[in-house]
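Using my numbering, you'd call the opening residue of the sequence shown number 203 and step up by one each time. Glycine residues also receive a C-beta, built at the ideal position from the N, C-alpha and C atoms. Quick caveat: nothing in here was measured; it's all calculated off a predicted structure. To start, the structure under review is shown below, and the notes come after it.
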Amino acid sequence: MATVDRDDQVRRRPVTGIGRIIGWPGGSLWIGRHHAQVQDHAHHAIQISLAMEGGFRVQAGSWEDWRPTRGMVAMPDRRHRFDGRGAVIATLFVEPTSARGAALQRRFAGSDVALLANREVHEAVQHLHAHYVAGASDALMAGLAQGAICRLAGNPATAPSQDPRITAALAWMRPRLGQKVRLEEVAAQVHLSPGRFRHLFVSQTGTSLRAWLLWARMERAMTCAFQGRSWTEAAHDAGFADAAHLTRTCRRMIGLAPSMLVPEEPKTGS
């Protein structure tokens, strides 16, 4: 594969960030240097953003002004915008129904977007930053990212009580994101009528099946693309009709087009 000049890409077309995206079941890490503002958006996952170098500004839907910070936690489906130009930031997305997600929602209950103290940001992200600079493997980075989430969540030991039928449905859907997933089919897997399953899913997850699938597929597509797949291939692998469908979903859920994110050059020795 030909070497890509990342600085040249920033000059030639709109680029919001250059870095790495690493996923795992129920979450993902988006880490790198930001080059532009992220527009107003909302998504199903809890978002944790931690500045490793520099700082950023954030504006929640109910705030009149931008607020500077080095760390923030945004609750599910809360509109916000983000400006980290020039900073190196680790953004972590967490499934709200997971043990860590439930603990984060308890800790930051009552806040659409909570700002973190500098000391807490440093303690949460210091090991992740050091290994990112060293070009650590995806597996190691994923483990460190989940460790940072646990620290901020208060190290929850177990997942909250969840209806086992929803737990089973989520487990059944995750490996099938690249396929067509129908409500009736998922409901049948857990022996419920479509109407009953729809109601139970919303009450347990806080979102619709369609919204959950879109977010999970978007995470899958971004991870695939940052592992070397083309945007078209990544979109199809994650169950989108085409790259345009992926782009529309990304603009709505993360405030930018996927092509505005560029994989970084592998570090020497990594």
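Problem - Own chain, CB closer than 8 Å to Leu385, minus 5 neighbours either side, in chain order - result: The answer, listed in chain order, is Pro396, Phe399, Arg400 and Leu411.
Practice task
Please list, in chain order, all residues of the same chain as Ser251 whose beta carbon is under 6 Å from its beta carbon, the five residues on each side excluded.
Solution key: For Ser251, same chain residues with a beta-carbon under 6 Å away, outside a window of 5 residues either side, are Met274, Ile291 and Thr293 in chain order.
Practice task
Pick helix, strand or coil for Gly229, following the three-state DSSP scheme.
Solution key: Residue state, collapsed to three classes: strand.
Problem - Status (buried if at least 16 other CB within 10 Å, exposed otherwise) for His393 - result: So His393 counts as exposed.
Exercise for the section: For Val206, name the three-state secondary structure that DSSP assigns. Expected result: Below a pLDDT of 50, predicted positions are generally treated as unreliable, and Val206, at 42, falls in that range; the measurement from the model is reported next regardless. The answer is coil: DSSP assigns Val206 none of H, G, I, E or B.
Exercise for the section: Could you pull out every unbroken alpha helix (DSSP H) segment of at least 4 residues lying fully inside the segment 341 to 408, listed in chain order? Expected result: The segment 341 to 408 contains these whole alpha helix (DSSP H) runs: 366 to 375, 385 to 391 and 396 to 407.
Exercise for the section: Just mark Trp414 as buried or exposed, buried being the case when its beta carbon has 16 or more other beta carbons within 10 Å. Expected result: Within a 10 Å sphere around the beta-carbon of Trp414 sit 16 or more other beta-carbons, which makes this residue buried.
Exercise for the section: Just tell me which of Val464, Trp374, Leu354 and Phe403 has its CA closest to the CA of Thr425. Expected result: Checked all of Val464, Trp374, Leu354 and Phe403; the closest Cα to Thr425 is Val464.
Exercise for the section: Starting from the C-beta of Phe310, find all residues in its chain whose C-beta is less than 8 Å away, skip the five residues before and the five after it, and write them out in chain order. Expected result: These residues qualify, in order along the chain: Val275, Met277 and Ala316.
Problem - Beta-ladder partner(s) of Met167, from DSSP - result: No answer is possible for residue 167: it lies beyond the span of the chain, which begins at 203 and ends at 472.
Practice task
Look up Thr218 in the DSSP assignment and give the residues it is bridged to.
Solution key: According to DSSP, which records beta bridges pairwise, Thr218 is partnered with nothing at all.
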